[in-house]
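Only one structure is covered here, and it is reproduced in the block below.
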Amino acid sequence: KNEVEQSPQNLTAQEGEFITINCSYSVGISALHWLQQHPGGGIVSLFMLSSGKKKHGRLIATINIQEKHSSLHITASHPRDSAVYICAVCRPGGGADGLTFGKGTHLIIQP
Amino acid sequence: DTEVTQTPKHLVMGMTNKKSLKCEQHMGHRAMYWYKQKAKKPPELMFVYSYEKLSINESVPSRFSPECPNSSLLNLHLHALQPEDSALYLCASSQVAEKYQETQYFGPGTRLLVL
């Protein structure tokens, strides 16, 4: 079993829909990252969470440490949101252990 | 400046070639990372440099040789690679490696094809 599990693996939705991507992890962490990767490679860090909730524009990320679960929400989705969204956790040792990545959720928003 | 730059963007090399990938950041970060990402797979950690010293080598074959000549620059020297080494190579940096809750900033990656 992977240490970081994401669902769904693939998601296709219509423009304007509310999107939820889930991440569950089975190891102790110091922080959880949500990353966005567009075709062509570059990864952008969206959020880093250790508790509670963060909001940036149309993106909202939440984390429940007790349940070892995090969600990424996109409100009023737009075709430019189409990308792979990756959940990654940072071990208690910090960045020295690197990040452990989920397999990603491939999101397609259709006009 | 919150940018991590990587060169080249694309690289095609034969199995007998020697080439280098370059990563640069000017954010004053003292931790830099190399990740390898195969198609449709998550990135995998290869190396971590902390204060210009190699702190983690995740059992990477010796045909990959990292180098950190200064705090802003990270190289990955490639020699005698195999076709299965074809992948996207991502560089990242963070303020320090030991402290938790550090955001990692990623470069755009170098897409490597080994023929």
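Top line first, the protein sequences correspond to chains A and B.
Just so we're on the same page, my numbering is the position in the first sequence counted from 1, plus 843.
Just so we're on the same page, my numbering is the position in the second sequence counted from 1, plus 22.
Think of the CB as a built atom: it goes at the ideal place given N, C-alpha and C, for glycine as much as any other residue.
Here the structure is a predicted model, which is why all the values come from computation and not from measurement.
According to DSSP, is B:GLU106 part of a helix, a strand, or is it coil? helix
Can you tell me the Cα-Cα spacing of B:GLU46 and B:LYS75, whole angstroms? 16 Å
In chain A, which residues lie with their C-beta within 7 Å of the C-beta of B:ARG133? GLY884
Please list the partners that A:SER888 has in chain B, where partner means a Cβ-to-Cβ separation under 8 Å. THR125, GLN126, TYR127, PHE128
Got a sec, what are the start and stop residues for the beta strand (DSSP E) A:ALA874 sits in? 874-880
What span of residues does the beta strand (DSSP E) with A:ALA919 cover, start to end? Per DSSP, A:ALA919 belongs to no beta strand (DSSP E) and is neither H nor E.
In the DSSP output, which residue or residues are listed as bridge partners for A:GLN909? DSSP output for A:GLN909 lists no bridge partner at all.
Taking the CB atoms as reference points, tell me whether B:LEU67 and B:ASP107 lie closer together than 8 Å. no
With H, G and I counted as helix, E and B as strand and the rest as coil, what does DSSP make of A:THR863? strand
Chain D contact residues for B:LEU110, given Cβ-Cβ distances below 8 Å: Within the model displayed, chain D is absent; protein chains A and B are what it includes.
Best match in A:THR905, A:VAL887, A:PRO935 for proximity to A:GLY895 [C-alpha to C-alpha]: A:THR905
Endpoints, beta strand (DSSP E) assigned at A:ALA948: Checking the displayed sequence, the identity of residue 948 of chain A turns out to be Thr instead of Ala. That run of the beta strand (DSSP E) goes 948-953.
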